[in-house]
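Chemist: This is the structure I have questions about; it appears just below.
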Amino acid sequence: MQVKENSDFVPTIVAFCCNWCSYAGADLAGTNRLAYPANVKIIRVPCSCRVNPTFILRAFQRGADGVIICGCHPGDCHYTSGNYFARRRMTLLFSLLDYLGIEKDRTRVEWVSAAEGAKFADTMNSFAEAIIKLGKNRRLEDLRCRKQ
Numbered sequence: 048m049q050v051k052e053n054s055d056f057v058p059t060i061v062a063f064c065c066n067w068c069s070y071a072g073a074d075l076a077g078t079n080r081l082a083y084p085a086n087v088k089i090i091r092v093p094c095s096c097r098v099n100p101t102f103i104l105r106a107f108q109r110g111a112d113g114v115i116i117c118g119c120h121p122g123d124c125h126y127t128s129g130n131y132f133a134r135r136r137m138t139l140l141f142s143l144l145d146y147l148g149i150e151k152d153r154t155r156v157e158w159v160s161a162a163e164g165a166k167f168a169d170t171m172n173s174f175a176e177a178i179i180k181l182g183k184n185r186r187l188e189d190l191r192c193r194k195q
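The sequence shown finishes on residue 195 if you use the numbering used here, and the numbering steps up by one all the way, no holes.
Written out as structure tokens, the structure is:
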């Protein structure tokens, strides 16, 4: 019944993608005409370790229903160990989001290489489906800028 209520809901999803692998994977998905939701807003970052936890909190504050961080596979980072730093930082962020009452399923970390366009599209499709099942993010609604 819950899924039926949210069938008209179009979530806002922010994807932070590393320049060297995940963004190139998104490009490959587009080149191969693989479909993923148009409501996924991609933000290109030099490395997944560049994603500060405040960026994710700000995305939720500004109305994002889900945030996904995509980076190089561990061991394949252009900046040697950037994705290891990102993984540790996101683990701490997940506990903070839990403390704030934001569902853990609203955030995800995925490793997608430049040659995995199909994996990028599948990841975005499955993440969008999970966010649709969760519904609108109302937890930080009181902090959002509203139009009067």
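Here a beta-carbon is modelled for each residue, glycine too, at the ideal position from N, C-alpha and C. Since this is a predicted model, take the numbers as computed values, not measurements.
Would you report the Cα separation of L81 and G164, rounded to the nearest angstrom?
Modeler: Cα-Cα distance, rounded: 8 Å.
Chemist: Reducing DSSP to helix, strand and coil, say where R109 ends up.
Modeler: In the structure shown, R109 sits in coil (DSSP, three-state: anything other than H, G, I, E or B).
Chemist: Specify the secondary structure class of V50 as computed by DSSP and reduced to three states.
Modeler: Its pLDDT being 44, under 50, V50 is placed unreliably in this model, and the coordinates cannot settle the point.
Chemist: Taking 8 Å as the threshold, find out whether the region 135 to 145 comes into contact with the region 72 to 89 through three or more Cβ pairs.
Modeler: Verdict: no, contact absent.
Chemist: Quick check: what's the CA-CA separation for P93 versus D55?
Modeler: If you take the alpha carbons of P93 and D55, they lie about 35 Å apart.
Chemist: Tell me which residues share the same chain as C65 and place their Cβ nearer than 7 Å to its Cβ, disregarding the 5 neighbours each side in the sequence.
Modeler: Around C65: V92, C94, S95, C117, G118 and C119.
Chemist: When DSSP builds the beta bridges, which residues end up paired with G118?
Modeler: Answer by DSSP bridge pairing, in chain order: W158.
Chemist: By the DSSP assignment, the beta strand (DSSP E) with F174 in it spans what residues?
Modeler: Where F174 is concerned, there is no enclosing beta strand (DSSP E), although the alpha helix (DSSP H) it sits in stretches over G164 to L181.
Chemist: Could you name each continuous beta strand (DSSP E) segment of 3 residues or more that falls completely within the region 57 to 99, going from the start of the chain to the end?
Modeler: For the region 57 to 99, whole beta strand (DSSP E) runs of length 3 or above, ordered along the chain, are 60 to 65 and 87 to 92.
Chemist: What are the boundary residues of the alpha helix (DSSP H) that includes T138?
Modeler: That run of the alpha helix (DSSP H) goes G129 to L147.
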